[in-house]
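Participant:
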Amino acid sequence: MEHLSAKKRLFIRQAEICKTFANPTRIEILYNLRDGEKSVGELVLLTGISRTNISQQLAILRQKGVVETRREGTKIYYRVSNSKIIRACELMREALLEQLSENERLAREIEKVRGT
808 MEHLSAKKRL FIRQAEICKT FANPTRIEIL YNLRDGEKSV GELVLLTGIS
858 RTNISQQLAI LRQKGVVETR REGTKIYYRV SNSKIIRACE LMREALLEQL
908 SENERLAREI EKVRGT
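Per the working numbering, residue 808 is the first one in the sequence shown, and the count goes up by one each step.
#1: Buried or exposed: I892, going by 16 or more other Cβ atoms within 10 Å of its Cβ?
#2: I861 to V851, Cα distance in whole Å?
#3: Taking only the alpha-carbon atoms, compute the straight-line gap between R878 and E823 and give it to the nearest angstrom.
#4: In this structure, does DSSP put V997 in helix, strand or coil?
#5: Based on Cα-Cα distance, which residue from R886, R912, E905, L913 lies nearest to K845?
#6: How about S888 and V874: are their beta carbons less than 8 Å apart?
#7: In the DSSP assignment, find the unbroken alpha helix (DSSP H) run with T832 in it and report its ends.
#8: Sorted by chain position, which residues of the same chain lie with C-beta nearer than 7 Å to T876's C-beta, five sequence neighbours on each side aside?
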């Protein structure tokens, strides 16, 4: 990778971080961290996902630098490392909703044409 330009290396790193978001549980965790830090137990209650799965996904997010931790006694609290990560997730969600809305509109138009 040393022979690649800085721009190419950045594209590779961006693809790697995007892979981190290619898991619905991780996206749900980030959604629940958007308003502030939470413990594993709080995330379990909010999502209904098992403690083991939450912990595994948080470890991946932490390893990739997406979340950070703070220890308070025996509890560890997780927070998003950069608020732009939340904004990026929100933008993707908005784009998806717009796309779904457009697909529904097109489906209705096709049904009208078929019915005539």
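Glycine is no exception: its CB is placed at the ideal position from the N, C-alpha and C atoms.
Because the structure is a prediction, the values reported are computed rather than measured.
Facilitator: According to the structure shown:
#1: Taking the first residue of the sequence shown as 1, we reach residue 892 at position 85. Within a 10 Å sphere around the beta-carbon of I892 sit 16 or more other beta-carbons, which makes this residue buried.
#2: Position 54 of the sequence shown, counted from the first residue, corresponds to residue 861. Position 44 of the sequence shown, counted from the first residue, corresponds to residue 851. Spanning the two alpha carbons is a distance of roughly 7 Å.
#3: The residue labelled residue 878 in the question sits at position 71 within the sequence shown. The residue labelled residue 823 in the question sits at position 16 within the sequence shown. Between R878 and E823, the C-alpha separation is close to 28 Å.
#4: Absent from the structure is residue 997, since the part of the chain shown begins at 808 and ends at 923.
#5: Counting from one through the sequence shown, the residue named residue 845 turns up at place 38. Among R886, R912, E905, L913, the Cα nearest to that of K845 is on R886.
#6: Numbered from 1 along the sequence shown, position 81 holds the residue referred to as residue 888. Numbered from 1 along the sequence shown, position 67 holds the residue referred to as residue 874. At the C-beta level, S888 and V874 come within 8 Å of one another.
#7: Indexing the sequence shown from 1 puts residue 832 at position 25. Counting along the chain, the alpha helix (DSSP H) containing T832 begins and ends at 831 to 840.
#8: What you label residue 876 is simply residue 69 of the sequence shown in a count that begins at 1. Cβ neighbours of T876 beyond the five flanking positions: R869, I883, Y884, Y885.
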